[in-house]
Amino acid sequence: MEQLAPACSSPQAWARARRHLLSHLVCFGRHTITGLLRLQDRTQQDWTADYRFYAEDHFDEDQVFAQVRGQIEALLPAAAPLVVAMDDSLLRKTGRKVSGVRYLRDPMSPPFHVNLVRGLRVLQVSAAVPEGPAGAARLIPVAFQQAALPVKPRKQAPAHLQEAYQQERAKKNINLAGRQRLAQLRQQMDAGGSAQRQLIVSIDGRFTNATVLGQVPQRTTLIGRVRKDSVFFHPPRTQPAHGRKRKYGLRCPTPEELLKEEQLPWQKVPAYAAGQRHEFEVKTLGPIYTQMDQGQNPLRLVVIKPVRYHLTKTQTDRRQPTFLICTDPNLSLEQVLQYYLWRWDIEVNFRDEKTLLGVGQAQVRGEAANQHAPALAVAAYSLLLLAAIKTYGNTGRPETFQCPRWHKRRPTQRATTNELRNQVRYELWAAALGRHFQPLSWSDHRNENGRKCDLPLKSALFSTIK
13 MEQLAPACSS
23 PQAWARARRH
33 LLSHLVCFGR
43 HTITGLLRLQ
53 DRTQQDWTAD
63 YRFYAEDHFD
73 EDQVFAQVRG
83 QIEALLPAAA
93 PLVVAMDDSL
103 LRKTGRKVSG
113 VRYLRDPMSP
123 PFHVNLVRGL
133 RVLQVSAAVP
143 EGPAGAARLI
153 PVAFQQAALP
163 VKPRKQAPAH
173 LQEAYQQERA
183 KKNINLAGRQ
193 RLAQLRQQMD
203 AGGSAQRQLI
213 VSIDGRFTNA
223 TVLGQVPQRT
233 TLIGRVRKDS
243 VFFHPPRTQP
253 AHGRKRKYGL
263 RCPTPEELLK
273 EEQLPWQKVP
283 AYAAGQRHEF
293 EVKTLGPIYT
303 QMDQGQNPLR
313 LVVIKPVRYH
323 LTKTQTDRRQ
333 PTFLICTDPN
343 LSLEQVLQYY
353 LWRWDIEVNF
363 RDEKTLLGVG
373 QAQVRGEAAN
383 QHAPALAVAA
393 YSLLLLAAIK
403 TYGNTGRPET
413 FQCPRWHKRR
423 PTQRATTNEL
433 RNQVRYELWA
443 AALGRHFQPL
453 SWSDHRNENG
463 RKCDLPLKSA
473 LFSTIK
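Numbering (my numbering), first residue to last: 13 to 478.
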């Protein structure tokens with residue numbers, strides 16, 4: 013944590029940032045700014061400086077995440093690529109005067125009825141740290157930014173305001189923000205001495221479009237999900253003697269047609285998913301070209317057969333198939349499949365950040381504060397996971413607390429975020445509690461035991477939360 017001091021504008025700002033980082037890790041209630049101040053026992057001091065800390069750009073989160081990314085690269089072999097996943101999420105807000113808030117589609121709404129909620133859209137990039145030879149990996153956030161759209165003018169607004177809004181909206185498009193973030197990540201790697209390290213990005217269908225595929229950075233490979241009716245083309249067999257060179261040849265089967273093609277055999281590819289290794293059946297086709305990048309680079313299409321799972325004890329069913337493209341046709345099928353399966357852990361990041369670290373709960377309004385407040389909480393989450401890997405290894409876990417007896421004794425692959433937070437609480441408070449909180453006696457008789465509390469304070473603070 014001490015290496016992040018240069019990211020703050022002054023020593024006073026760094027001291028405040030350090031207190032807020034630790035408070036996010038051990039806070040019990042809502043992670044509002046006043047909630048963090050209560051935890052720091054600063055309720056009788058002026059609180060305006062803590063709000064100005066977020067509103068006046070007193071720290072640079074890009075420098076903080078650059079330090080985290082550098083530590084992650086130090087854990088990887090020199091020839092190993094840096095595998096990252098990029099996705100967007102929604103931070104719910106209730107205030108109508110919060111900068112950048114608008115009505116957005118609720119991703120938790122049922123498929124038969126789309127709901128709208130007020131919130132802020134954010135963009136995150138998480139880097140993978142492999143966990144042993146089995147193929148598992150843990151993703152750690154290395155970039156976080158707000159991707160809010162500008163305020164839409166009224167219908168009766170002048171034409172020049174409507175035109176200015178359309179131009180500003182195009183600049184802040186979520187796909188454009190993702191492309192710029194990947195370009196910035198590649199530049200940071202080149203400037204930090206990792207110019208020869210390959211960057212592999214796993215994305216979902218939102219970012220697999222012309223905006224992102226049209227300008228892929230150098231030494232960067234994209235693995236993205238596509239629709240079942242996407243159009244692809246074979247390379248041209250011949251080129252005309254005069255005129256413009258051809259980019260496309262005959263049209264390829266769509267991913268859905270390739271799935272149903274019986275003449276093309278299935279290939280079994282092992283990969284790690286859902287806690288164990290599985291045998292996936294895949295089909296591949298390449299090199300192919302797409303109009304999304306105007307036929308600039310050859311691609312590889314990968315069709316993954318739906319995996320069978322137990323619907324009941326006696327009945328089984330299959331999930332939906334998956335269709336992927338990879339901008340590097342020479343990447344092996346096992347790598348393409350495994351790197352994409354790692355992307356699921358970014359959804360775990362979002363869940364832990366919102367439910368445990370309180371990302372988005374800070375009650376701030378300004379544009380700068382809405383960027384810095386959740387970014388600092390995500391940075392605390394990244395430091396926690398990185399410190400756990402350095403302390404306990406990829407699959408280790410703290411042994412300070414025992415699990416309740418009613419929990420099933422099933423082996424776990426890694427330490428949970430709650431276990432790591434409880435360990436931080438123990439290291440911060442255990443010594444003080446043991447020294448100052450002694451049993452109190454209400455009698456002068458030495459042969460009587462001290463009065464015991466029915467709810468021990470240590471048990472309340474350091475209980476293992478599952």
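Beta carbons: idealized from backbone N, C-alpha and C, even for Gly.
Subject >> Touch test, the region 241-248 against the region 296-304, Cβ-Cβ under 8 angstroms, three pairs minimum >> reply: At 8 angstroms Cβ cutoff, the stretches touch.
Original post:
Can the beta-carbon of S35 be found less than 8 angstroms from the beta-carbon of L16?
Top reply: Cβ distance not < 8 angstroms, so S35 and L16 don't count as in contact.
Subject >> Cα-Cα separation, E14 to A67 >> reply: The alpha-carbon atoms of E14 and A67 are separated by roughly 23 angstroms.
Original post:
A140: which of P282, R289, Q199, A92 sits nearest, CA to CA?
Top reply: Nearest in C-alpha terms to A140, of all of P282, R289, Q199, A92, is A92.
Original post:
Where do the N-terminal and C-terminal ends of the alpha helix (DSSP H) with K402 fall, by residue?
Top reply: 379-404 is the extent of the alpha helix (DSSP H) around K402.
Original post:
Relative to the alpha-carbon of E316, which residue among H290, Q230, P333, T324 has its alpha-carbon at the smallest distance?
Top reply: As written in the sequence, residue 316 is Ile, which differs from the Glu given in the question. If you compare the alpha carbons of H290, Q230, P333, T324 with that of I316, the shortest gap goes to P333.
**OP:** Would you mind stating whether Y393 and P153 have Cβ atoms separated by less than 8 angstroms?
**Re:** By the CB criterion at 8 angstroms, Y393 and P153 fall inside the cutoff.
Subject >> Cβ pair F413, N434 closer than 8 angstroms >> reply: Going by C-beta atoms, F413 is nearer than 8 angstroms to N434.
Original post:
For I212, which option in A203, Y438, R198, E291 has the closest C-alpha, if you only look at C-alpha atoms?
Top reply: When only C-alpha atoms are compared, the closest one is R198.
**OP:** Kindly give me the distance between the Cβ atoms of T106 and L234, rounded to whole angstroms, as I take these residues to be in contact under 8 angstroms.
**Re:** The Cβ separation is near 37 angstroms, so there is no contact.
**OP:** Return the Cβ separation of P145 and L194 in integer angstroms, given the expectation that the two are a contact with Cβ distance under 8 angstroms.
**Re:** Between P145 and L194, the beta carbon gap of about 29 angstroms keeps them out of contact (Cβ cut-off 8 angstroms).
Original post:
What residues in its chain sit with their C-beta under 7 angstroms from that of R181, if we drop five residues either side in the sequence?
Top reply: The residues are L161, P162.
**OP:** Just list the beta strand (DSSP E) runs in the region 140-222, keeping only unbroken ones of 3 residues or longer that don't cross its boundaries, in chain order.
**Re:** DSSP runs (the beta strand (DSSP E)) wholly in the region 140-222: 148-158, 211-215.
**OP:** Could you check the C-alpha separation between P282 and G370 for me, to the nearest Å?
**Re:** Roughly 37 angstroms between the two C-alpha positions.
Original post:
In angstroms, rounded to a whole number, what distance separates the CA positions of A25 and G47?
Top reply: Each residue's Cα considered, the two are about 19 angstroms apart.
Original post:
From this set, S21, N382, L336, V113, which residue's C-alpha is nearest R218's C-alpha?
Top reply: Cα-wise, what sits closest to R218 is L336.
Subject >> Cβ-based burial, S101 [other Cβ within 10 Å; buried from 16] >> reply: Counting Cβ neighbours within 10 Å, S101 comes out buried, since at least 16 surround it.
**OP:** Please specify which runs of the alpha helix (DSSP H), each continuous and at least 4 residues long, are wholly inside the region 336-378, giving them in chain order.
**Re:** Runs of the alpha helix (DSSP H) lying entirely within the region 336-378, each at least 4 residues long, are 345-353, 357-367 in chain order.
Subject >> Three-way DSSP call (helix, strand, coil) for S35 in this model >> reply: Of the three classes helix, strand and coil, the one that applies to S35 here is helix, per DSSP.
Original post:
Three or more beta-carbon pairs under 8 angstroms between the region 72-79 and the region 346-359, yes or no?
Top reply: No contact exists between the region 72-79 and the region 346-359.
**OP:** Work out the CA separation of L432 and T367 for me, nearest whole Å.
**Re:** T367 and L432 have their C-alpha atoms some 15 angstroms from each other.
**OP:** Counting only the same chain and skipping the five closest in sequence on each side, list residues whose C-beta sits under 8 angstroms from that of N382.
**Re:** For N382, where only same-chain residues beyond five positions count, the Cβ hits under 8 angstroms are V110, S111, G112, L132, Q158, A160, V376.
Original post:
Going by the CB atoms, is the gap between G82 and G204 shorter than 8 angstroms?
Top reply: Yes, the Cβ-Cβ distance between G204 and G82 is below 8 angstroms.
Subject >> Short Cβ contact (8 angstroms threshold) for D216 with R237 >> reply: Between D216 and R237, the C-beta gap is smaller than 8 angstroms, which places the two residues in contact.
Original post:
Span of the alpha helix (DSSP H) holding R81?
Top reply: R81 -> alpha helix (DSSP H) spans 73-87.
Original post:
What number of angstroms, rounded off, separates the C-alpha of P23 from the C-alpha of A444?
Top reply: In this model, P23 and A444 are separated by some 27 angstroms (Cα to Cα).
Subject >> Own chain residues within Cβ distance below 6 angstroms of S214, not counting five before or after >> reply: The residues are A97, I235, Y351, Y352, R355.
**OP:** May I ask you to list the residues that DSSP assigns as paired with R331?
**Re:** When beta bridges are read from the DSSP output, R331 appears opposite no residue.
Original post:
So, are the CB atoms of K259 and G307 less than 8 angstroms apart?
Top reply: The answer is yes: Cβ separation under 8 angstroms.
**OP:** On a CA-only basis, which of L188, V390, G255, E268 is nearest L33? Give me that one, please.
**Re:** Comparing Cα-Cα distances from L33 to each of L188, V390, G255, E268, the minimum goes to V390.
Original post:
Given D456, which residues of its chain have a CB within under 8 angstroms of its CB, disregarding the five upstream and five downstream residues?
Top reply: Residue placement at D456 cannot be trusted, given a pLDDT of 48 that sits under 50; what the coordinates show is reported in the next sentence. No residues qualify anywhere along the chain.
Subject >> Range covered by the alpha helix (DSSP H) that runs through P410 >> reply: No alpha helix (DSSP H) contains P410, which DSSP labels as neither H nor E.
Original post:
For D241, is the classification buried or exposed, using 16 other Cβ atoms within 10 angstroms of its Cβ as the cut-off for buried?
Top reply: Under this definition D241 is an exposed residue.
Original post:
Relative to the ligand ATP, is the shortest distance from any of its heavy atoms to the C-beta of T407 smaller than 7 angstroms?
Top reply: The ligand ATP is not part of this structure, which contains no ligands at all.
Subject >> Inter-residue CB distance, D305 and L225 (contact presumed, cutoff 8 angstroms) >> reply: Contact between D305 and L225 holds: CB atoms are separated by about 4 angstroms, below the 8 angstroms threshold.
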